[in-house]
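Structure record follows, encoded as structure tokens.
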Amino acid sequence: MLQQLAFPLYRHFLLKRKIFASCCRQAAAMSSLLINQPEYSWLKDLGLKEENEGVYNGTWGGKGEVVTSYSPASNAPIARVKQATLEEYNETVNKAKEAWKIWTDIPAPKRGEIVRQIGDALRKKIKLLGHLESLEMGKILVEGVGEVQEYVDICDYAVGLSRIIGGPILPSERPGHALIEQWNPVGLVGIITAFNFPVAVYGWNNALALICGNVCLWKGAPTTSLTSVAVTKIVAQVLEDNNLPGAICSLTCGGADIGNAIAKDERVDLVSFTGSTNVGKQVALKVQERFGRKLLELGGNNAIIVFEDADLSLVTPSVLFAAVGTAGQRCTTARRLFLHESIHDEIVEKLSKAYAQVRIGDPCEPDILCGPLHTKQAVEMYLSAIEQAKCEGGTVVCGGKVIDRPGNFVEPTIMTGLAHDAAIVHKETFAPILYVMKFKTEEEAFAWNNEVKQGLSSSIFTKDLGRIFRWLGPKGSDCGLVNVNIPTSGAEIGGAFGGEKHTGGGRESGSDSWKYYMRRSTCTINYSKDLPLAQGIKFQ
Numbered sequence: 001m002l003q004q005l006a007f008p009l010y011r012h013f014l015l016k017r018k019i020f021a022s023c024c025r026q027a028a029a030m031s032s033l034l035i036n037q038p039e040y041s042w043l044k045d046l047g048l049k050e051e052n053e054g055v056y057n058g059t060w061g062g063k064g065e066v067v068t069s070y071s072p073a074s075n076a077p078i079a080r081v082k083q084a085t086l087e088e089y090n091e092t093v094n095k096a097k098e099a100w101k102i103w104t105d106i107p108a109p110k111r112g113e114i115v116r117q118i119g120d121a122l123r124k125k126i127k128l129l130g131h132l133e134s135l136e137m138g139k140i141l142v143e144g145v146g147e148v149q150e151y152v153d154i155c156d157y158a159v160g161l162s163r164i165i166g167g168p169i170l171p172s173e174r175p176g177h178a179l180i181e182q183w184n185p186v187g188l189v190g191i192i193t194a195f196n197f198p199v200a201v202y203g204w205n206n207a208l209a210l211i212c213g214n215v216c217l218w219k220g221a222p223t224t225s226l227t228s229v230a231v232t233k234i235v236a237q238v239l240e241d242n243n244l245p246g247a248i249c250s251l252t253c254g255g256a257d258i259g260n261a262i263a264k265d266e267r268v269d270l271v272s273f274t275g276s277t278n279v280g281k282q283v284a285l286k287v288q289e290r291f292g293r294k295l296l297e298l299g300g301n302n303a304i305i306v307f308e309d310a311d312l313s314l315v316t317p318s319v320l321f322a323a324v325g326t327a328g329q330r331c332t333t334a335r336r337l338f339l340h341e342s343i344h345d346e347i348v349e350k351l352s353k354a355y356a357q358v359r360i361g362d363p364c365e366p367d368i369l370c371g372p373l374h375t376k377q378a379v380e381m382y383l384s385a386i387e388q389a390k391c392e393g394g395t396v397v398c399g400g401k402v403i404d405r406p407g408n409f410v411e412p413t414i415m416t417g418l419a420h421d422a423a424i425v426h427k428e429t430f431a432p433i434l435y436v437m438k439f440k441t442e443e444e445a446f447a448w449n450n451e452v453k454q455g456l457s458s459s460i461f462t463k464d465l466g467r468i469f470r471w472l473g474p475k476g477s478d479c480g481l482v483n484v485n486i487p488t489s490g491a492e493i494g495g496a497f498g499g500e501k502h503t504g505g506g507r508e509s510g511s512d513s514w515k516y517y518m519r520r521s522t523c524t525i526n527y528s529k530d531l532p533l534a535q536g537i538k539f540q
């Protein structure tokens, strides 16, 4: 009898102890989060907490997988985000489509006023958001703040654009007829962004899509979910203050399942995807299968060409920023450097000395020039690329090693001795590795620039005016960004951003990129009492 009583009590004791141990582990895990440490209390000023809801459609939610965000500088956990389920995704799309009916009826200049308020709200949080991006993505502090500034700048740009978008009135060949172009919003824009620019790329799309009369659904990279949540909280507050539906700027944090749903969903009128060429190709096929619209910003394998007449005082800082900035994790990073044979050794020596002075470390510290790679997998790809380059005849001039410290730090690397068409040279490795090659003639250098599959950014350094215009012309660079005497990185928001070939062909940000977010109708209006036909056709 005593045994019969004792066993349930003992089992109850074990269960209680198990629950207590589990609670202790959870408490320890929570206390280890950076957000709970005093020096990171500023994260709460962005509305972040230990566990954050990753779905926003007017209300916050998140019933999917809980994902932990880590700092690449230490691999320490920052905080957690609850991802979207497919059911929540579907609910969000439905709410966004309903919100569009309200948003698109608002006159474009009034929509511009809302975008202006979004820009002002971002300005107030610019240092905090930049700090968060340095912590979560790994880019240095000045680059993090600069990226948020891009979103602010494109908001300013979009405000002005909201008063001038529209089509022309064209001369009609028929008397009593008017021929005009009418531009209307496409509807719902699905925005899938990459880890390396978790604020600016969303901003480029969001600001222009909004003033055109569209609503937005954002899926950021899972590894930068905290940034997605923080930005959305700022935008959501502006919408709430103006009594507008929050679903105008929706958020569904998630992985491949959410991205796949966006690509396949006929309710999503335009899919803007930024990421790798391989994933972009899959997205493109899925969107094309339903005859949807797509805007692709994919990989880059960018080259800088330095001629013998170049101003060498510009070359070293330009190459250093383009190759080492963001630890080589920009789509516009310089990965190939073609040097005229007469100046090759001199520039390599200058670059080696400059690389030796690059301060590598915690990206949140103000004097650092190179932060960590974003993930441990990126470190493995860095090492693999260097080994492959060695096997193909490359020599490490400087760098080439993983730094022995917490986090994902590697040495910015210069390699020489490779052929221009070596397999590794034609592969985009998202890391600070620069392949340096000699060339003899202009024709040779231009051809080498164009021979890779990607076509994003390119630069030459020269004082020869004729060469500059040949570079800009039909036999020059085949890239979307064609530069002279500046780096491959650092595009301004006023120009259209994007590339050709395997870079995807999309254009975002300035110039006439707003047209991607609208559908065009050619409209003919007969205000006469006759019915003349075009081309003088008589049908009687």
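Under UniProt numbering, think of the first position of the sequence shown as 1, with each following residue one higher.
All C-beta atoms in this analysis are idealised placements derived from N, C-alpha and C, irrespective of residue type, glycine included.
The beta carbons of Thr104 and Leu217 sit about 15 Å from each other, so the pair does not count as a contact at 8 Å. According to the DSSP assignment, His177 belongs to the beta strand (DSSP E) that extends over His177 to Pro185. It is roughly 8 Å from the alpha-carbon of Ile486 to the alpha-carbon of Ile460. For Arg507, same chain residues with a beta-carbon under 6 Å away, outside a window of 5 residues either side, are Ala496, Gly498 and Ser513 in chain order.
From the listed residues Leu170, Ser477 and Lys101, the smallest Cα separation to Ala445 is found for Ser477.
Spatial neighbours of Ile164 in its own chain (CB-CB distance under 8 Å, excluding positions within 5 residues in sequence) are not present.
Between Leu128 and the set Gly510, Glu289, Gln117 and Glu143, the nearest pair of CA atoms involves Glu143. DSSP lists Arg336 and Met415 as the bridge partner or partners of Tyr435. Residue burial annotation: Gly328 is buried, with at least 16 other C-beta atoms found within 10 angstroms of its C-beta. Within the same chain, Ile140, Leu141, Arg359, Ile360, Gly361 and Asp362 come within 8 Å of Ile368 by CB-CB distance, once the 5 residues on both sides are set aside. The continuous stretches of alpha helix (DSSP H) do not include Pro198, and DSSP gives it neither H nor E. Taken atom to atom, the span from the alpha-carbon of Phe321 to that of Phe409 is near 17 Å. For Cys249, the uninterrupted beta strand (DSSP E) segment begins and ends at Cys249 to Thr252. Thr68 sits in a strand when the DSSP states are folded into three classes. Under the DSSP assignment, Trp218 falls in the beta strand (DSSP E) whose first and last residues are Val215 to Lys219. About 6 Å separates the beta carbons of Ile191 and Tyr202, which is inside the 8 Å limit, making them a contact pair.
With a cutoff of 9 Å on beta-carbon distance, Ser489 and Trp204 are scored as not near each other.
With at least 16 other beta carbons inside 10 angstroms of its own, Lys294 counts as buried. For Gln540 and Asp530, the gap between their C-alpha atoms comes out near 13 Å. By the C-beta density criterion, Ile304 is buried, having at least 16 other C-beta atoms within 10 angstroms.
Restricted to the segment 463–531, the alpha helix (DSSP H) segments that are unbroken, complete and at least 4 residues in length are 465–472, listed in chain order. Ranked by Cα distance from Pro185, the options Val397, Arg520, Lys438 and Phe439 are led by Arg520. Inclusion of Leu239 and Leu48 in the CB contact set at 9 Å is not warranted, their separation being larger than that value. Gly371 places its beta carbon 9 Å or farther from that of Gly394. Secondary structure note for Glu297: its beta strand (DSSP E) is the uninterrupted segment Arg293 to Glu297. Ranked by how close their Cα comes to the Cα of Gly259, the residues Leu244, Ala247, Ala284 and Asp241 have Ala284 in first place. Under DSSP, Gly119 shares a beta bridge with no residue.
Cα atoms of Cys155 and Ile126: separation of roughly 14 Å, rounded to the nearest angstrom.
Going by beta carbons, Gly300 and Thr503 fall inside the 9 Å limit.
For Ala76, the enclosing beta strand (DSSP E) starts and ends at Ala76 to Lys82.
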